[in-house]
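Residue numbers (the working numbering), protein chains in the order written: chain R, 9 to 622; chain E, 62 to 295.
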């Protein structure tokens, strides 16, 4: 097989190959598995699709080769990603999952509303303890929703080894928009390393995979540009906190090859269209650890659904997709040319890419990656009053301090905004009274006693709602980047009740010891979170770390409070930005045990709760 | 109690190495760190110096072993070992308590070790320990290290360390007060995270009574040596 050389990169040859992947790298589909089977290739058009209402899915080890090295993937039906499952809303589904691996496995149907026993989380879902080697487990549940979702193993770190695939549920009542063609776009990250080894390396040296650390030269350049006082003020904070402003992703392109529909960047996934067609793209972030920033240079994308649920259409140039999120967008390529579908990793250590093209032989140029982002003080949830912000990426920060009672929609906030294109404010009302549905919490930030100790390295004392902040690395980039503040449910709010109570959960950790927890308590030591059946609660998530965390509640929707109580969007996974807070409402309408966790695979063991609805 | 837990875990992990359930957020982990394995330029035989650590355990509780060996020719001139229980007491600091044993130089000495190891503000790796030995001899040892990145792989490490003693110990050839100090500059190239060859200089000086002993034994009181070696971990 051919190896490729990319002369313009400053990283070493071996790393270059990991990031870009191998030409014609991929996984075999549908072949029998044996030790002698050689790794074969995902076609550039991506994984295949299974349709119907009964599905037979089989886990087995399959040889893959994404980097020039053969590795075993934990594949479902012989491919990475697993086949796309396509069925109709209202279908009574039967999914037979057979385990031909040497260890226990499982499948979780991410974002699907179903009985706890069918949710597929060993030890959490009612009565489910995983699928033993050599056995078949039958999932049965009705499809009561429609949209774009996905499925993946919920056992150990298997997801990192290829155990994920897309789900498309066709609506019973037709689509609220029109399109002529559709493509599923599954984004993921592949490592030749065993996930257990990755985790152990992070425990030994948490910055193991970060090759964008601050250098002496950069510090001297900053000193020269800012002068001594500003330099010391900035560096003093980071040095006192012993944190790195370059700490964007724990695991990077140093070990990852980023895949689009299982195709390496060297090959590039290919999706066809005919000029003048409306093309629906169903983006799914099935990565273990990687957020992607997605754009298609030359095309506007109209976001029509988030996490499978329809939203009021919003036209953007770019969107950030957190791990486990999905976005459906419509593009309308009107000229006879190819377009790059470009998904750069949040830390810019690599990208997944594909091509939308009217002819297979037509190619598009691949854009340069943006500069690697650098965290600012605001990303640490620090009070910025009285500080010199010069030179910082403070574009969308709210500096108003501790008392954030509903401030995120106030005119005060808008004074500090320079994102005039974010059309909020006109419809978002200033909340009066005590935190009504749709507007978030009025409660003051209080850090629990359990948040103090060697397991916690940071507490955000001035954490704000930052719904209109596109996030680190995307602020003021000249493109219209989707923000949560622009997400409104296409339909009326499903459950318009006011929340009866609020639950405050702080996302906590110590990066330098690679420990993760919620409210300072890791899963192993935590009591389950109890919800009363039928109650409507508000969950306030506050991020006391410097990383984005995608938080996923199983079994029930996270009704994200974006400022309009009548059109609250429903999500299954919500990004909590570093040093920020965010609120959503939950209707506890699903009995049983549910998983609730950060979807970054290596944060998940600690940053996890069992939720019990009874 | 925690100490017992760790010993049991070590025994179990040794017996079933590699078989831990990895969904556990805090698995048993071990690391061997060869901080310096180097040869130093000297008159006569070039000494070979090893400074290495190993730890076993969990996020907040570890068994920590330290070794410091200097060999000149075929002679071991210095050898020191420490076995410590290491407990996290702060986001960046571990309290380390245990036993230190010097076999060389003779006579051998045993010490109760009590130290703080961690990361001070401004990213200064610090190891500050008190050792309490026979006849209430107290040895204070401070070590500071900092990484300066010229590139992501080219790293300069300045290191400063010093020993102080509460009283003199003629048999061990140390005087009271500040006894010795060393300052090193090592420029390494991380071929990968786990492996970096380096070159550098190391300056050492003895003070007070310790210097007097050195003079009496016709040893150098102060020395500047070029060093070349490797840093590695696994």
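Heads up, the beta-carbon is just placed ideally off N, CA and C, and yes, glycines get one too.
If you run the structure through DSSP and keep just helix, strand and coil, what is residue 129 of chain E? strand
Can you confirm whether residue 254 of chain E, when its beta carbon is compared against all beta carbons of chain R, has any partner nearer than 8 angstroms? yes
So, with DSSP's three-state summary, where would you put residue 288 of chain E? In this structure, DSSP gives residue 288 of chain E an extended state, which the three-state scheme calls strand.
Identify each residue in the segment 214-226 of chain E for which the Cβ-Cβ distance to at least one residue of chain R is less than 7 angstroms, and report them in chain order. none
According to DSSP, residue 242 of chain E sits in a beta bridge with which residue or residues? E:223 and E:266
How would you call residue 608 of chain R, buried or exposed, if buried means at least 16 neighbouring beta carbons within 10 angstroms? Per the 10 Å Cβ criterion, buried.
Contact under 8 angstroms by Cβ, residue 139 of chain R with residue 107 of chain R: yes
By the criterion of Cβ-Cβ separation under 8 angstroms, what are the contact partners of residue 376 of chain R in chain E? Neighbours of residue 376 of chain R on chain E: none; closest Cβ ~20 angstroms, over 8 angstroms.
Compare the C-beta of residue 242 of chain R with all C-beta atoms of chain E and state if any pair is closer than 8 angstroms. Under the Cβ criterion of 8 angstroms, residue 242 of chain R is not counted among the residues facing chain E.
Anyone know if the C-beta pair for residue 579 of chain R and residue 387 of chain R falls short of 8 angstroms? no
Chain R within 8 angstroms of residue 188 of chain E, Cβ atoms only: no
Could you work out which residues of chain E lie near residue 221 of chain R, taking near to mean beta carbons separated by less than 8 angstroms? 210 and 213
Run through DSSP, which three-state label would residue 233 of chain R get? In the structure shown, residue 233 of chain R sits in a helix (DSSP, three-state: H, G or I).
Along chain E, in chain order, which residues have C-beta atoms closer than 8 angstroms to that of residue 212 of chain R? 90, 92 and 294
Inter-residue Cα distance where the pair is residue 173 of chain R and residue 299 of chain R: 17 angstroms
Using only alpha-carbon positions, find the residue among R:456, R:167, R:364 and R:224 that is nearest to residue 197 of chain R. R:167
CB of residue 338 of chain R to nearest heavy atom of the ligand ZN: below 7 angstroms? In terms of ligand content, the structure shown is empty, and the ligand ZN therefore cannot be addressed.
Own chain partners of residue 220 of chain R with C-beta closer than 6 angstroms, once the 5 adjacent residues on each side are dropped: 254 and 380
Of all the options R:377, R:283 and R:328, which has the alpha carbon lying nearest to the alpha carbon of residue 344 of chain R? Distance check between residue 344 of chain R and each of R:377, R:283 and R:328 places R:283 closest, using alpha-carbon atoms only.
From residue 397 of chain R to residue 182 of chain E, what does the alpha carbon distance come to, in whole angstroms? Caution applies to residue 397 of chain R, whose pLDDT of 37 falls short of 50 and renders its modelled position unreliable; the model cannot decide the point.
I'd like to know whether the C-beta of residue 254 of chain R is nearer than 8 angstroms to at least one C-beta of chain E. It does not; no Cβ of chain E falls within 8 angstroms.
Let me confirm a value: residue 190 of chain E is counted as buried when at least 16 other C-beta atoms fall within 10 Å, else exposed. Which label applies? buried
Could you check where the beta strand (DSSP E) with residue 594 of chain R kicks off and where it finishes? Start and end: 588-595.
Taking the alpha helix (DSSP H) that residue 203 of chain R belongs to, which residues open and close that run? 203-212
Could you name each continuous beta strand (DSSP E) segment of 3 residues or more that falls completely within the segment 76-140 of chain R, going from the start of the chain to the end? 79-84, 90-96, 100-107 and 116-118
Just the chain E side, please: which residues come within less than 9 angstroms of residue 296 of chain R by C-beta, in chain order? In chain order: nothing, as chain E lies at least about 13 angstroms away.
Where does residue 146 of chain E sit, in a helix, a strand or coil, going by DSSP? strand
So residue 468 of chain R and residue 389 of chain R are supposed to be a Cβ contact under 8 angstroms. How far apart are they, rounded? Confirmed, about 2 angstroms.
Within a Cβ cutoff of 6 angstroms, which residues of the same chain sit near residue 147 of chain E, ignoring the five residues on either side of it in sequence? Excluding residues up to 5 positions away in sequence, 123, 125, 155 and 157 lie with their Cβ nearer than 6 angstroms to the Cβ of residue 147 of chain E in the same chain.
Residue 606 of chain R versus R:577, R:477, R:332 and R:454, residue with shortest Cα-Cα distance: R:332
Verify whether the separation of the beta carbon atoms of residue 471 of chain R and residue 561 of chain R is less than 8 angstroms. no
Compare the C-beta of residue 152 of chain E with all C-beta atoms of chain R and state if any pair is closer than 8 angstroms. For residue 152 of chain E, the nearest beta carbon of chain R is closer than 8 angstroms to its own beta carbon.
Does the distance from the CB of residue 531 of chain R to the CB of residue 616 of chain R come in under 8 angstroms? When the beta-carbon positions are compared, residue 531 of chain R and residue 616 of chain R come within less than 8 angstroms of each other.
Would you say residue 607 of chain R faces chain E, with C-beta separation under 8 angstroms as the test? no
Using a C-beta to C-beta distance shorter than 7 angstroms, which residues of chain R count as neighbours of residue 183 of chain E? 247
Close beta carbons around residue 359 of chain R, own chain, < 7 angstroms, minus the five adjacent residues each side: 266, 273, 350, 351, 352, 353 and 377
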